[in-house]
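Protein chains in written order, with my numbering: chain A, 1 to 516; chain B, 1 to 516.
Where is the CB? At the ideal position from N, CA and C, for every residue including glycine.
Since we're looking at a predicted model, the values are computed, not measured.
Protein chains: 2
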Amino acid sequence: MTTQAPITAASDFRSIDAQTGEPFGEPFAVHGPADVAAACAAAEAAFDPYRSLPRERRAAFLDRIAEEILALGDALIEAAMRESGLPRARLEGERGRTMGQLKLFAEVVRRGAYLGVRVDPALPERQPLPRQDIRLRRIPLGPVAVFGASNFPLAFSTAGGDTASALAAGCPVVVKGHPAHPLTGALVASAIAKAAAATDMPDGVFAHLVGPGTALGTALVEDPRIAAVGFTGSRGGGLALLRLAQARPEPIPVYAEMSSINPVVLLPEALKARGTALGQAFVQSLTMGAGQFCTNPGLVLAIEGEGLDAFIEAAKGAILESRATTMLTGGIHAAYEQGVEALASHGDVETVARGQLGEGVTCGVAALFATSVEAFLKDERLGHEVFGASSLLVRCRDEEDLHRVLRAAEGQLTATLQMDAGDTEIAARLVPILERKAGRILANGWPTGVEVTHAMVHGGPYPATSDGRTTSVGTLAIDRFLRPVSYQNLAEPLLPEELRDGAAGSVPRLVDGQPG
Amino acid sequence: MTTQAPITAASDFRSIDAQTGEPFGEPFAVHGPADVAAACAAAEAAFDPYRSLPRERRAAFLDRIAEEILALGDALIEAAMRESGLPRARLEGERGRTMGQLKLFAEVVRRGAYLGVRVDPALPERQPLPRQDIRLRRIPLGPVAVFGASNFPLAFSTAGGDTASALAAGCPVVVKGHPAHPLTGALVASAIAKAAAATDMPDGVFAHLVGPGTALGTALVEDPRIAAVGFTGSRGGGLALLRLAQARPEPIPVYAEMSSINPVVLLPEALKARGTALGQAFVQSLTMGAGQFCTNPGLVLAIEGEGLDAFIEAAKGAILESRATTMLTGGIHAAYEQGVEALASHGDVETVARGQLGEGVTCGVAALFATSVEAFLKDERLGHEVFGASSLLVRCRDEEDLHRVLRAAEGQLTATLQMDAGDTEIAARLVPILERKAGRILANGWPTGVEVTHAMVHGGPYPATSDGRTTSVGTLAIDRFLRPVSYQNLAEPLLPEELRDGAAGSVPRLVDGQPG
Chain A
1 MTTQAPITAA
11 SDFRSIDAQT
21 GEPFGEPFAV
31 HGPADVAAAC
41 AAAEAAFDPY
51 RSLPRERRAA
61 FLDRIAEEIL
71 ALGDALIEAA
81 MRESGLPRAR
91 LEGERGRTMG
101 QLKLFAEVVR
111 RGAYLGVRVD
121 PALPERQPLP
131 RQDIRLRRIP
141 LGPVAVFGAS
151 NFPLAFSTAG
161 GDTASALAAG
171 CPVVVKGHPA
181 HPLTGALVAS
191 AIAKAAAATD
201 MPDGVFAHLV
211 GPGTALGTAL
221 VEDPRIAAVG
231 FTGSRGGGLA
241 LLRLAQARPE
251 PIPVYAEMSS
261 INPVVLLPEA
271 LKARGTALGQ
281 AFVQSLTMGA
291 GQFCTNPGLV
301 LAIEGEGLDA
311 FIEAAKGAIL
321 ESRATTMLTG
331 GIHAAYEQGV
341 EALASHGDVE
351 TVARGQLGEG
361 VTCGVAALFA
371 TSVEAFLKDE
381 RLGHEVFGAS
391 SLLVRCRDEE
401 DLHRVLRAAE
411 GQLTATLQMD
421 AGDTEIAARL
431 VPILERKAGR
441 ILANGWPTGV
451 EVTHAMVHGG
461 PYPATSDGRT
471 TSVGTLAIDR
481 FLRPVSYQNL
491 AEPLLPEELR
501 DGAAGSVPRL
511 VDGQPG
Chain B
1 MTTQAPITAA
11 SDFRSIDAQT
21 GEPFGEPFAV
31 HGPADVAAAC
41 AAAEAAFDPY
51 RSLPRERRAA
61 FLDRIAEEIL
71 ALGDALIEAA
81 MRESGLPRAR
91 LEGERGRTMG
101 QLKLFAEVVR
111 RGAYLGVRVD
121 PALPERQPLP
131 RQDIRLRRIP
141 LGPVAVFGAS
151 NFPLAFSTAG
161 GDTASALAAG
171 CPVVVKGHPA
181 HPLTGALVAS
191 AIAKAAAATD
201 MPDGVFAHLV
211 GPGTALGTAL
221 VEDPRIAAVG
231 FTGSRGGGLA
241 LLRLAQARPE
251 PIPVYAEMSS
261 INPVVLLPEA
271 LKARGTALGQ
281 AFVQSLTMGA
291 GQFCTNPGLV
301 LAIEGEGLDA
311 FIEAAKGAIL
321 ESRATTMLTG
331 GIHAAYEQGV
341 EALASHGDVE
351 TVARGQLGEG
361 VTCGVAALFA
371 TSVEAFLKDE
381 RLGHEVFGAS
391 SLLVRCRDEE
401 DLHRVLRAAE
411 GQLTATLQMD
421 AGDTEIAARL
431 VPILERKAGR
441 ILANGWPTGV
451 EVTHAMVHGG
461 PYPATSDGRT
471 TSVGTLAIDR
481 FLRPVSYQNL
491 AEPLLPEELR
501 DGAAGSVPRL
511 VDGQPG
């Protein structure tokens, strides 16, 4: 059984219907500091038993979570639709992604390559001194605090990528559920609890704490038993957690995925050949899911000319036709309106087009703005994220302008090149600049799709994330929750199983630096 | 040619003879903020050309540095002997280690596994959506600031492990030379400059800045072009750099190796069988190099009984016979004396033995103290490092006492078990505790030898280091200066060479998560 921290108080904390802004359903119990302490104590107690389980047992737990999520049936999809305002097809797809992610990490655990096993055998005859036997594996950091995101109530929330990768690494998880979808979170947490019971996991391997406000999250990050933090959300929220973690007597890593405007560079030949098509495709990427993606294309760079005119014309037409859809929460909608208003009223910014109003009270009306290179470089606020379907086009005069803007840009999750074969030379000069600014570089696609795979990096230099050495999507995400330990001259019975001579072949290992 | 930052001022900053405390040789030019800016600008300009070189070119540079260090001949050994007070044999061995480390990283660069190449081929037929081609490699972070250590004037200083691993990763390096060995540092820097010229490296790939005081280091860490910091030294120094790095507009990683007391646990059967031999071997490890090792055994835990009495008797005898040797600097000697005095005058600490005086003005007299579990747990200062040949024995009553002390201990570089076969059960219960406290666990050896190899971890949880997810010794140290980047749907000419189809087989890669 997993620990559900005891409930300290009844409350008026309820689900909000994203469409109407009205509360619905029963109030949720709100967790307080005593619940945080209880959940963290249980997670700490679970850590050694959980990390010591045979890998197959942990893999089976992850697989079972995926199955229990599916077994929640349509109740889960309906709860998520009502709380997030996102449409059914999107949430069904997101459920599939969430399950796929858990099953992929189960495979990673089975394979065991993530342990990074290295063996340097003893060299008893070495001169002037013999070398002792030294073996290395990576071990999990300890209990992990996960802060779910509002914009992916399934794939980046209670049983999302951070939870899956931390559990895979061998870390118990304490989730601070996102207050924008408490019902969805509670359903998913119940699925994890069922899976833990069914696969006989140690008590405390998972806990789900909920409540409005920031006190709960603060107490969680400050708890001395928490060894790392995963977060997806705003820059303000991420930096606040980072500061708390750094100020602890024992500082801990924070993996905060915070903000990105995901520059898209339209290169001249591509613009010439298909400016209109690019304008239409761009708006489709911009407005998908009310623009509520970390990888939304919020910045467009292009050199002025006929091709750009065609792009703008097509994008303008598509924006004008776009109908606003419901945003995740009233707060996100208000922040979006404020961000858009700041751009609209900025002296150096031109409003290219606004979309049509929608039907709900929190519909985000799409927006496209344009500005000059000088204005963009002068006012750093123009480079800040406006979370939602808003984008800013920076009109460049030449390639040098592209370089200036990109060199001045903050760290990003993604950077995209729209290019034709004739753009290869200019693109080759841009790639080294983009590599230093982003975690993922795309050609002729749009950044809003993020594959869950082995080669994916969903990360990037600060302030896109708080730690650009990592990714929060894809199998490499497990690295965030591991650290290496060397074992020198330990007799077989004391060695971890994967390091014993008998385990050769069962997990990938480097022997004296060579696969074997 | 490498950049030697221009010299801004003559000074009275000179080498100090460790034995006599007297200055010798010509004064060194002291670098200031303008030199820092110039070196960082040159390093930034060198970054793209340097990281883009074929791997073989960078490997040849590392090999050549090793050769140029050897070509400095006896002048290097004599300078280091005089500045550090360390004996010839030790420094000749350390030179070999420094060269071996550079050559090992050259091999790592040639092999290319450090790039972590992953390829997920396109799946054009996938339903409901095709998958695009996604490829991943790791790229270097950017220019790295290296702060050399005083206790390894060769292997952890100007061309030491941090420099070697950063250059191997593809990062230009700006060294803040340790003020305790400016002549040694200048000689090694000249060897690196020669190697850079001989192998035609870009200007600015390496710079060496020197001066007393902290202003130089502060300016270096605050320079916006510096992307990461490597440091070996005191806890105070490491934490100061960490705070500077975190307060930058763009925070950067700091790899500070700071302090450790390296607990040694003497298990009952081993004590019974060979208490006397253990006591003698312990003092040998404790007093080697005047105890000036990060991995010096500064804490001994054992359960009281006959075996422990024999250990103490033998250790006492060996300490009484030990003759003090010159410490690295007057400052280090003064801090040692202060630390030892604090223990000697502590109400709950008994002085077991002090060694004999030595001949120089800064000789560190060995010291062994003893205390109770209660006293150790009550006063956290008893767990702080005294850098030098001082150790504290904590008398335990039972296994539970061992657990209590170890659970309360701070993060460590190493933890050692002295054990016989009959101690296996108690050792098996200790290993999971030690794994959470240390980067390396040893059985029946002493922590003071640190192999430079693939499976070595010289790192550990805070405050042993500022980032327990890494190591500063061994080939895994290169990971500190890399971050992953994904390339999605990029045409061959834009892909980095190692990611192209034609490069399959030239570097290890994972294809869809499998070696291939």
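Pair within 7 Å by beta-carbon distance, residue i and residue j
i, j, result
"A/Leu102", "A/Ile77", "no"
"B/Arg137", "B/Val119", "no"
"B/Ala318", "B/Gln280", "yes"
"A/Gly204", "A/Ala18", "no"
"A/Thr326", "A/Thr362", "yes"
"A/Leu209", "A/Asp12", "no"
"A/Leu239", "A/Gln292", "no"
"B/Val489", "A/Ala421", "According to the sequence provided, residue 489 of chain B is Asn. The question's Val does not apply to it. No, the Cβ-Cβ distance between B/Asn489 and A/Ala421 is not below 7 Å."
"B/Ala438", "B/Gly459", "no"
"A/Ala166", "A/Val173", "yes"
"A/Ala367", "A/Ser345", "no"
"A/Val431", "B/Pro484", "no"
"B/Ile441", "B/Leu434", "yes"
"A/Leu266", "A/Ala314", "no"
"B/Arg55", "B/Val109", "yes"
"A/Arg235", "A/Pro49", "no"
"B/Leu53", "B/Val507", "no"
Assigned secondary structure, residue i (DSSP; H/G/I helix, E/B strand, else coil)
i, result
"A/Gly505", "coil"
"A/Ala240", "helix"
"B/Cys294", "coil"
"B/Ala409", "coil"
"A/Glu257", "strand"
"A/Tyr462", "coil"
"B/His31", "coil"
"A/Glu451", "coil"
"B/Leu53", "coil"
"A/Ser390", "strand"
"A/Gly317", "helix"
"A/Glu350", "strand"
"B/Asp467", "coil"
"B/Gly339", "helix"
"A/Thr8", "Because A/Thr8 carries a pLDDT of 44, less than 50, the predicted location of this residue cannot be relied on, and the following value inherits that uncertainty. Three-state DSSP puts A/Thr8 in coil, outside helix and strand."
Option nearest residue i by Cα separation, candidates the options
i, options, result
"B/Ala504", "B/Ala46, B/Ala113, B/Ala159, B/Ala314", "B/Ala113"
"B/Glu68", "B/Gly411, B/Ala159, B/Cys396", "B/Ala159"
"B/Gly85", "B/Gly358, B/Ala38, B/Gln284", "B/Gly358"
"B/Ala256", "B/Ala247, B/Ala43, B/Asn489, B/Thr471", "B/Thr471"
"A/Asp309", "A/Ser285, A/Pro268, A/Pro297", "A/Pro268"
"B/Glu26", "B/Thr20, B/Thr232, B/Ser15, B/Ala344", "B/Ser15"
"B/Gly331", "B/Gly364, B/Pro224, B/Pro493", "B/Gly364"
"A/Met419", "A/Trp446, A/Arg404, A/Ala408", "A/Trp446"
"B/Val352", "B/Val283, B/Ala247, B/Glu92, B/Leu53", "B/Val283"
Cβ separation of residue i and residue j, assumed to be a contact under 8 Å, to the nearest whole Å
i, j, result
"A/Val144", "A/Ala228", "5 Å"
"A/Gly513", "B/Thr475", "7 Å"
"B/Thr199", "B/Arg57", "7 Å"
"B/Gly217", "B/Lys176", "5 Å"
"B/Ala168", "B/Ser157", "Not confirmed; about 17 Å, so no contact."
Which residues, in chain order, does the segment 438-459 of chain A contribute to contact with chain B at a C-beta distance below 8 Å?
Taking 8 Å as the Cβ-Cβ cut-off, the segment 438-459 of chain A approaches chain B at Ala438, Gly439, Arg440, Ile441, Leu442, Ala443, Asn444, Gly445, Gly449, Glu451, Thr453, His454, Ala455, Met456, Val457, Gly459, given in chain order.
What residues in the segment 473-500 of chain B have a beta carbon less than 7 Å from any beta carbon of chain A?
Taking 7 Å as the Cβ-Cβ cut-off against chain A, the residues of the segment 473-500 of chain B that qualify are Thr475, Leu476, Arg483, Pro484, Val485, Ser486, Tyr487, Gln488, Asn489, Leu490, Ala491, Pro493, Leu494.
Using a Cβ-Cβ cutoff of 8 Å, what residues of the segment 34-48 of chain A are near chain B? List them in chain order.
Within the segment 34-48 of chain A, the residues whose Cβ lies closer than 8 Å to any Cβ of chain B are, in chain order, Asp48.
With 7 Å as the limit, tell me which residues of the segment 128-141 of chain A have their beta carbon closer than that to any beta carbon of chain B; keep them in chain order.
Near chain B, meaning a CB-to-CB distance below 7 Å, the residues of the segment 128-141 of chain A are Arg131, Gln132, Ile134, Arg135, Leu136, Ile139.
What residues in the segment 151-164 of chain A have a beta carbon less than 7 Å from any beta carbon of chain B?
Taking 7 Å as the Cβ-Cβ cut-off against chain B, none of the residues of the segment 151-164 of chain A qualify.
Residues in the segment 103-125 of chain A having any Cβ partner in chain B nearer than 7 Å
Those residues of the segment 103-125 of chain A that come within reach of chain B (Cβ to Cβ, closer than 7 Å) are Arg118, Val119, Asp120.
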